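In our numbering, the protein residues as written are 95 to 661.
To start, the structure itself, in structure tokens.
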Amino acid sequence: MKQSLAFIRTNHEMPSIKPLDPNERLIRAGYIHSQNDKFISLLPLGKRVLQKIEKIIREEMNVLTANEVSLPTLNSLQSLDSNERQAYSAELFQLNNRNKDELYLTPSHLEILSLIVKEKITSYKQLPFVLYQIQTKYRDELNINGMFKNREFLTLDVYSFHHTTENLEEFYEKIDQVYSAIFRRLGLPYKKVLADLGSYCGELSHEYVVLSENGEVTIAQSNQSDFAVNFDVAKVTLQTTIPHCEMKELIKEKISDTGVSADDFQTHIDIPADRIIKTNVYQLNGELIVVLYRGDHILNEVKLKNVLNVQSLKLADEKLVSELFGCTTKYVGPIKLPVHVKVIADFGIKSICNGISFGNEEGSYYVNVNPERDFAINEYADLRYIQEGEPSPDGNGIIQFAKGHEVAHIFKLGAAYSEQWNASFLDEQGVSKPILMGTYGFGVSRLFAVAAEMYQDEKGFIWPNSLAPFDVHLITECVDHEEGWLLSEQLYNILLTYQFEVLFDDRQLSIDVKYKDANLIGLPVQVIVGKKASEGIVTVVDRRTGQSYECAKEELIDRLNEFFRVY
């Protein structure tokens, strides 16, 4: 494509807010347009990158003999299961048509596809099979971050349906191989990690995290094995030591500064954090639940939700707390609680000897607090985040943290949803059984953003050939040189004949502007027609390394083929 005809508008004057921010860089280089930092338009360069990602995905999906479908984005709200509606309630885009029918923009097609399968599948002879789609989804996200996280995004959704557990487990391994192959083809460093099921019912879940210091996800991994898990669900296996404790007399004290909270309690009274009992109060189905954990630990609400078997948590209403405990929430402690209030404690509480807690009275606290002697606990559970340096849950080495971007998430659902929606089949003996299912998501537009972050330097992008919108950037250096123009046109046609995708900068602009644009756009290789055009010699520049060499026009195709063979 000739650049004079291409809709590519770069911006070198745009003030930099975050150096090397991929969203900003994509705007500068003319890949996307952002309206109010919330609404993203893919421009021609960006669309070509996304098409390359989709092509790789489809090639790998063909390995699975999967069938591509296209499911409706707009659906009736009445068709949405109550559990699904609750799971997506805050993120669901809802609207009405002219007949006042309630509709929604689909954040997930799991239920829709399950109902289709329920209608079409009756026998084990029709199983297994795999369906997938690449489609735009909509979700009313709270925190927007350009291409990384937006209210409108492109995803790959894969759904598998099986008649035996063994077959489902076999496919779970196959989809892992496919997703891993996609990351390898794109050259992105990634980690497959155990993850939380979140709003899904099911048996097992893994995330695929592209490693990056700027990532929003923390993973906990062993320094001596392949074990890796999402930080939110990493089990704490460190044995809680119950000390030999010479229990001292319980004493109630007053805080001189009533503004002191649990977070600065340690500094105020000069006590080790591991002897402080912190308290959170939650409201569940009209009842209050008190949760206890040590001052040197961080409460993990993902684990707490799993213990309580709920999708969301709600901190207790301040008025209700005041009526029941006689104090504000920040002064609630575990001693002398009403008998009907359930108390759940992290295992770490067991190790406290002569600790400190608030006293259920404004400005008061207890000294020499000991679990079981001074207060009862209904249930102990693993409720805290694992800490770096603690034993790895797999028994090998210690935990180290790493950051990254979650790009894909796979779920082994089993029979959870088919039983809920009565999707069944008849087995070989004619017995009705639930269809076993799996769902596997891949963030296509997010992968674009992650790759943009990974493949850049101070000048612009450095796309690998697997992602680059074009293979070659052909640049005419001498705008007033007739022989240069003739050679450029000749090379352009030759490159197209040999199936190279070429961006030909034929614009009547200064060479400095052309170089800046070429480096910003970041195609793998630049072919520069300069002062030696009359001799049939061009300069070839490797955008990744900056290395360059002169090349006769007759050798160019062979040199480029060699370049892309090893690139």
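Glycine is no exception: its CB is placed at the ideal position from the N, C-alpha and C atoms.
From a predicted model like this one, the values you see are computed outputs, not experimental measurements.
Distance, Cα to Cα, residue i vs residue j?
{"i": "Lys214", "j": "Ser173", "result": "18 Å"}
{"i": "Ser202", "j": "Val303", "result": "21 Å"}
{"i": "Ser128", "j": "Leu144", "result": "16 Å"}
{"i": "Thr312", "j": "Tyr534", "result": "21 Å"}
{"i": "Leu541", "j": "Val501", "result": "6 Å"}
{"i": "Val224", "j": "Asp468", "result": "58 Å"}
{"i": "Ile383", "j": "Leu418", "result": "12 Å"}
{"i": "Ile651", "j": "Pro487", "result": "54 Å"}
{"i": "Asp411", "j": "Val401", "result": "21 Å"}
{"i": "Arg152", "j": "Leu262", "result": "21 Å"}
{"i": "Leu603", "j": "Val211", "result": "59 Å"}
{"i": "Leu221", "j": "Trp515", "result": "18 Å"}
{"i": "Arg637", "j": "Leu250", "result": "31 Å"}
{"i": "Lys231", "j": "Asp195", "result": "21 Å"}
{"i": "Leu617", "j": "Ala562", "result": "6 Å"}
{"i": "Glu267", "j": "His256", "result": "14 Å"}
{"i": "Tyr643", "j": "Lys329", "result": "55 Å"}
{"i": "Asn464", "j": "Ala439", "result": "13 Å"}
{"i": "Leu407", "j": "Glu154", "result": "39 Å"}
{"i": "Arg601", "j": "Leu580", "result": "14 Å"}
{"i": "Glu649", "j": "Glu656", "result": "11 Å"}
{"i": "Ser512", "j": "Asn587", "result": "57 Å"}
Determine which residues share a DSSP beta bridge with residue i and list them.
{"i": "Phe419", "result": "Bridge partners of Phe419: none, in fact."}
{"i": "Tyr459", "result": "Glu347 and Phe452"}
{"i": "Lys436", "result": "Ile383"}
{"i": "Pro485", "result": "Ile492"}
{"i": "Thr230", "result": "Leu248"}
{"i": "Ser254", "result": "Val224 and Gly532"}
{"i": "Arg388", "result": "Ile371"}
{"i": "Lys96", "result": "Phe598"}
{"i": "His127", "result": "Ser135"}
{"i": "Asp636", "result": "Val619"}
{"i": "Asn261", "result": "Looking at the DSSP assignment, Asn261 forms no beta bridge with any residue, so it has no partner."}
{"i": "Ala475", "result": "Asp440"}
Whole-angstrom Cβ separation of residue i and residue j, contact assumed at under 8 Å?
{"i": "Leu477", "j": "Tyr387", "result": "6 Å"}
{"i": "Leu207", "j": "Leu168", "result": "In fact, because the Cβ distance is near 16 Å, the residues do not count as touching under 8 Å."}
{"i": "Thr55", "j": "Gly624", "result": "Nothing in the structure corresponds to residue 55, since the chain is present only between 95 and 661."}
{"i": "Thr104", "j": "Asp611", "result": "5 Å"}
{"i": "Phe495", "j": "Glu482", "result": "5 Å"}
{"i": "Ile443", "j": "Ile371", "result": "7 Å"}
{"i": "Gly537", "j": "Phe247", "result": "7 Å"}
{"i": "Val566", "j": "Val596", "result": "5 Å"}
What does a CB cutoff of less than 8 Å around residue i pick up in its chain, not counting 5 residues either side in sequence?
{"i": "His300", "result": "Asp270, Lys286, Val287, Leu288, Ala289, His503 and Ile504"}
{"i": "Asp234", "result": "Ala184, Glu185, Leu186, Phe187 and Arg245"}
{"i": "Glu456", "result": "Thr352, Cys421, Thr422 and Tyr425"}
{"i": "Ser319", "result": "Ser486, Asp488, Asn490 and Gly491"}
{"i": "Ile150", "result": "Ile276, Arg279, Leu280 and Ser560"}
{"i": "Asn161", "result": "Phe223, Val224, Leu225 and Tyr226"}
Return the chain-ordered list of same chain residues with a C-beta closer than 6 Å to the C-beta of residue i, the five sequence neighbours on each side being excluded.
{"i": "Ala510", "result": "Cys295 and Gly296"}
{"i": "Ala543", "result": "Pro116, Met241 and Phe242"}
{"i": "Leu614", "result": "Thr104, Ala123 and Gly554"}
{"i": "Lys647", "result": "Gly630"}
{"i": "Phe265", "result": "Ser254"}
{"i": "Ser628", "result": "Glu577"}
Buried or exposed for residue i, going by 16 or more other Cβ atoms inside 10 Å?
{"i": "Leu236", "result": "exposed"}
{"i": "Ala184", "result": "exposed"}
{"i": "Thr159", "result": "exposed"}
{"i": "Ile336", "result": "exposed"}
{"i": "Lys146", "result": "buried"}
{"i": "Phe564", "result": "buried"}
{"i": "Lys346", "result": "exposed"}
{"i": "Ala546", "result": "buried"}
{"i": "Ser217", "result": "exposed"}
{"i": "Ala367", "result": "exposed"}
{"i": "Asn394", "result": "buried"}
{"i": "Phe101", "result": "exposed"}
{"i": "Met341", "result": "exposed"}
{"i": "Thr591", "result": "exposed"}
{"i": "Glu571", "result": "buried"}
{"i": "Phe594", "result": "buried"}
{"i": "Asp599", "result": "buried"}
{"i": "Phe133", "result": "exposed"}
{"i": "Pro428", "result": "buried"}
Leaving aside the five residues before and after residue i along the sequence, list all residues of the same chain whose C-beta is less than 7 Å from its C-beta, in chain order.
{"i": "Gly140", "result": "Leu120, Tyr125 and Ile126"}
{"i": "Glu310", "result": "His499"}
{"i": "Leu291", "result": "Ser299 and Phe505"}
{"i": "Leu378", "result": "Leu402 and Val404"}
Answer yes or no: the CB of residue i versus the heavy atoms of the ligand HEM, is any distance below 6 Å?
{"i": "Pro563", "result": "As for the ligand HEM, it is missing from this structure, which has no ligand bound."}
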